[in-house]
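Enquirer:
Residue numbers (the working numbering): 350 to 545.
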């Protein structure tokens, strides 16, 4: 019975992906995005703390159920593991997006195009400086961008098992990314501290 359910979930997921391919709506909608990467870490370590920071506390209950079922399904063999992993990652991104008040249009494959500003913001965090965003953000927005970037750097050294600290980092991270992308509204507050 479990194998039939897994096959059915896989078939529906595959049909949606093939019939309605769409460009990534946000950084987190891609397999190479930080949300999916943390989801993979959670699956590989069997430790949900790697991914919980991406969802609201309310969303954490649903994600935990999906995670436990995914871990159980992974034990049924390589094909079941592939389906279970995809199911978990899609739910992680869906719950994360719902917490932002944003629509989920599917998890895009590795290599999906990402907006230039988003890629530059990623490089800025990796490098610890804003040079990759030079010329991409208007000069009048630079002071606020610097303020938000400083918060990201200040909060990024959290312990993975301190989910509240992780959510605080994601709050700063999303605020920085949204501002870098040119969004003046800060929907992070509605999301209770995390997103993107």
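C-beta: ideal position from N, C-alpha, C; glycine also.
By the 10 Å Cβ neighbour count, where 16 or more other Cβ atoms means buried, how is residue 404 classified, buried or exposed?
Expert: Flag for residue 404 reads buried.
Enquirer: In terms of alpha-carbon separation, which member of 493, 402, 518 and 455 lies closest to residue 528?
Expert: Per the Cα distances, 493.
Enquirer: Take the Cβ of residue 473 as the centre, count every other Cβ of all protein chains shown within 10 Å, and call the residue buried at 16 or more, exposed below.
Expert: Flag for residue 473 reads buried.
Enquirer: Quick one: residues in its chain with C-beta nearer than 6 angstroms to the C-beta of residue 401, no 5 flanking neighbours on either side, listed in chain order?
Expert: Same-chain partners within the cutoff: 409 and 512.
Enquirer: Is the region 479 to 497 close to the region 448 to 466, with three or more CB pairs under 8 angstroms?
Expert: Result yes; three or more Cβ-Cβ pairs closer than 8 angstroms.
Enquirer: Between residue 371 and the rest of its own chain, which residues show a CB-CB distance below 6 angstroms, the 5 nearest in sequence each way excluded?
Expert: Note that residue 371 scores a pLDDT of 39, beneath 50, so its modelled location is shaky; the value from the coordinates is reported in the next line. Result list for residue 371: 454, in chain order.
Enquirer: Where does residue 406 land, buried or exposed, given buried means 16+ other C-beta within 10 angstroms?
Expert: Per the 10 Å Cβ criterion, exposed.
Enquirer: Examine the Cβ distances between the region 441 to 460 and the region 377 to 385 and report whether three or more of them are shorter than 8 angstroms.
Expert: Result yes; three or more Cβ-Cβ pairs closer than 8 angstroms.
Enquirer: Here's the rule I'm using: 16 or more other beta-carbon atoms within 10 Å means buried, otherwise exposed. How should residue 448 be labelled?
Expert: Buried, since its Cβ has 16 or more Cβ neighbours within 10 Å.
Enquirer: If you draw a straight line from the C-alpha of residue 383 to the C-alpha of residue 518, how long is it?
Expert: If you take the alpha carbons of residue 383 and residue 518, they lie about 13 angstroms apart.
Enquirer: Which residue from 425, 426, 414 and 450 puts its Cα closest to that of residue 438?
Expert: The shortest C-alpha separation from residue 438 is found at 414.
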